[in-house]
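Inspection log for the structure reproduced underneath, given as structure tokens.
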Amino acid sequence: MPILVMKFGGTSVADLDRIANAAAKVQREVERGYDVIVIVSAMSGRTNELVNWVETTSPLYDAREYDAVVSSGENVTAGLMAMRLQEMGVSARSWQGWQVPINTTSAHGAARFESIPRDNLDAKFSEGFKVAVIAGFQGLSPEGRITTLGRGGSDTTAVAFAAAFEAERCDIYTDVDGIYTTDPRVSDKARKLDRIAFEEMLELASLGAKVLQTRSVELAMRYKVPLRVLSSFEETDDNSGTLVCDEDQIMESKVVSGVAFSRDEAKMTLVTVEDRPGIASAIFGPLADAGVNVDMIVQNISEHQAQHAEKVTDMTFSCPINQVARARKAMEDARAAGLISFDDLVVDQDVAKISVVGIGMRSHAGVAAQMFKALAAENVNIKVIATSEIKISVLVDRKYLELAVQALHDVFDLDKA
Numbered sequence: 001m002p003i004l005v006m007k008f009g010g011t012s013v014a015d016l017d018r019i020a021n022a023a024a025k026v027q028r029e030v031e032r033g034y035d036v037i038v039i040v041s042a043m044s045g046r047t048n049e050l051v052n053w054v055e056t057t058s059p060l061y062d063a064r065e066y067d068a069v070v071s072s073g074e075n076v077t078a079g080l081m082a083m084r085l086q087e088m089g090v091s092a093r094s095w096q097g098w099q100v101p102i103n104t105t106s107a108h109g110a111a112r113f114e115s116i117p118r119d120n121l122d123a124k125f126s127e128g129f130k131v132a133v134i135a136g137f138q139g140l141s142p143e144g145r146i147t148t149l150g151r152g153g154s155d156t157t158a159v160a161f162a163a164a165f166e167a168e169r170c171d172i173y174t175d176v177d178g179i180y181t182t183d184p185r186v187s188d189k190a191r192k193l194d195r196i197a198f199e200e201m202l203e204l205a206s207l208g209a210k211v212l213q214t215r216s217v218e219l220a221m222r223y224k225v226p227l228r229v230l231s232s233f234e235e236t237d238d239n240s241g242t243l244v245c246d247e248d249q250i251m252e253s254k255v256v257s258g259v260a261f262s263r264d265e266a267k268m269t270l271v272t273v274e275d276r277p278g279i280a281s282a283i284f285g286p287l288a289d290a291g292v293n294v295d296m297i298v299q300n301i302s303e304h305q306a307q308h309a310e311k312v313t314d315m316t317f318s319c320p321i322n323q324v325a326r327a328r329k330a331m332e333d334a335r336a337a338g339l340i341s342f343d344d345l346v347v348d349q350d351v352a353k354i355s356v357v358g359i360g361m362r363s364h365a366g367v368a369a370q371m372f373k374a375l376a377a378e379n380v381n382i383k384v385i386a387t388s389e390i391k392i393s394v395l396v397d398r399k400y401l402e403l404a405v406q407a408l409h410d411v412f413d414l415d416k417a
């Protein structure tokens, strides 16, 4: 039988009524002739509660015990979903990560997949079971310990199963009805996309769009797994939601497909760093070792050059606000160790990152000029610019975020199909 993977997020299984609603969607796919692998998250709010219990009990917790505790929410949902399906007359069985087994690395709290053997689930399907309900977010280390995949890891679990079982499609059920050109809470002109390319979705996810976890999109792109994002709370059909697929499955793409943003950004500038070969490595090596996720990088001629005999430069980079303290310590430690020297470290935590994304940029000139002109017309000053083949990102003062997003959405006519 063809296999379909269906993933239900925390809001979709938040209580028994919503679990019953999700189970009805699974039953409908079984009746259409599919063997179904269902991936479930913990009930909404449960993982946060479990994390709080861990941190209250042991602020310097053992990561192995952290995984044992926080993975338990998915076990509850999986068991309840399987029971609900059984009550509806659907042959279903729940599976925890270690029972499949979902083999991962030993990086507790941020494990990565190694393999998902098919034997156990294939045996159950051959016995007549129609649904395997899998606890998402969790796996099994080589040492036999429970691991977790990081927040949002159930999306990645779903895609990994779709790849391993060569599923026809992976449906991600959530509290929104698809991927939009931007956040509808910021622009009332936001439009739902029928299709979006893997590369575009990967950029949007990494730049602030919260609908899909970045790793899940990476995995889907690598293994060519068609992803569909759709609502748990609406009646759906084969045309519902947004399909994330290969670029060649999209007839004609707009130059820009979406506008993404992140409020939680900080801009950090090392003032008067030595301008010499290897200085970038000396700065960004310690930042990487400290786990700081650096995004935009700009190197400038220092305005303080006249005060220095040697050649100096200013180095600016962006990172998430919650990593500023870690980044500052990494730079201070590098200076104390003699790896780098600088006069000051200037931090601006009142910025936002706004990005336009579209595979059509590859073949169209002038997108950057159009973007900058639109921001200038609204008197929005750009602090930092970064580009790739299919995206342009800028840092601006956070107070201008909504204005800038709306202006860019309008200038690229994203409200029009």
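Just so we're aligned, residue 1 is where the sequence shown starts under UniProt numbering, counting upward by one. For every residue, glycine included, the Cβ atom is placed at its ideal position computed from N, Cα and C.
8 angstroms or more divides the Cβ of Ser388 from the Cβ of Lys353. Under DSSP, Val40 takes part in a beta bridge, and its partners are Phe8, Ala135. Asn48 carries a helical assignment under DSSP once its states are collapsed to helix, strand and coil. A straight line joining the alpha-carbon of Glu234 with that of Arg118 spans about 32 angstroms. Here Trp53 is exposed, its C-beta having fewer than 16 other C-beta atoms within 10 Å. The alpha-carbon separation between Val405 and Gly89 amounts to approximately 49 angstroms. With fewer than 16 other CB atoms across the displayed protein chains lying within 10 angstroms of its CB, Glu332 is exposed. Put simply, the backbone Cα of Ala163 is about 20 angstroms away from that of Ala205. When DSSP reads this structure, Glu235 sits in no beta bridge, so it has no partner. Taking the C-beta atoms as reference points, Ile134 is found nearer than 8 angstroms to Ala78. With fewer than 16 other Cβ atoms from the protein chains shown falling within 10 Å of its own Cβ, Gly128 counts as exposed.
Here the alpha carbons of Ser393 and Glu87 stand approximately 51 angstroms from one another. By a beta-carbon distance limit of 8 angstroms, Val356 contacts Met371. Their separation comes to about 6 angstroms.
In this structure, Ala368 is the residue among Ala368, Arg64, Ile382, Asp410 with its C-alpha nearest to the C-alpha of Lys391. Its chain contains Leu202 as the residues whose beta carbon lies nearer than 7 angstroms to that of Glu218, once the 5 sequence neighbours on both sides are disregarded; these appear in chain order.
Ile172 and Val255 have their C-alpha atoms spaced approximately 26 angstroms apart.
Under a 10 Å Cβ-count criterion, Glu74 is classified as buried, with 16 or more other Cβ atoms of the shown protein chains found around its own Cβ.
As the crow flies, the alpha-carbon of Val51 is around 18 angstroms from that of Asn322.
C-alpha of Val13 to C-alpha of Lys7: approximately 10 angstroms in a straight line. Take the alpha-carbon of Ile301 and the one of Ser262: they are about 28 angstroms apart. Here the alpha carbons of Leu345 and Arg328 stand approximately 8 angstroms from one another. The continuous alpha helix (DSSP H) containing Arg18 extends over residues 16–31. The beta strand (DSSP E) runs lying completely inside the segment 269–344 and spanning 3 residues or more are 297–301, 312–320, given in chain order. In this structure, Gly33 lies away from Pro59, with their beta-carbon atoms at least 8 angstroms apart. Ranked by how close their Cα comes to the Cα of Ala63, the residues Ser94, Lys416, His108, Ala24 have His108 in first place. Within the same chain, and ignoring the five residues on either side of Gly152 in sequence, the residues whose Cβ sits closer than 6 angstroms to its Cβ are Gln213.
A residue is called buried once 16 or more other Cβ atoms fall within 10 Å of its Cβ, and Gln249, having fewer, is exposed. The criterion of a C-beta distance shorter than 8 angstroms is not satisfied by Gly178 and Lys189. Between the beta-carbon of Val324 and that of Met268 there is about 7 angstroms, and that keeps the pair under the 8 angstroms contact cut. For Arg195, the enclosing beta strand (DSSP E) has its first and last residue at 195–197. Straight-line spacing of the CA atoms in Ile196 and Leu227 works out to 10 angstroms. Taking every protein chain shown into account, the CB of Glu31 has fewer than 16 other CB atoms within 10 angstroms, so this residue is exposed. The beta carbons of Asp348 and Thr272 sit no closer together than 8 angstroms.
Per DSSP, the continuous beta strand (DSSP E) segment holding Arg169 begins and ends at 169–174.
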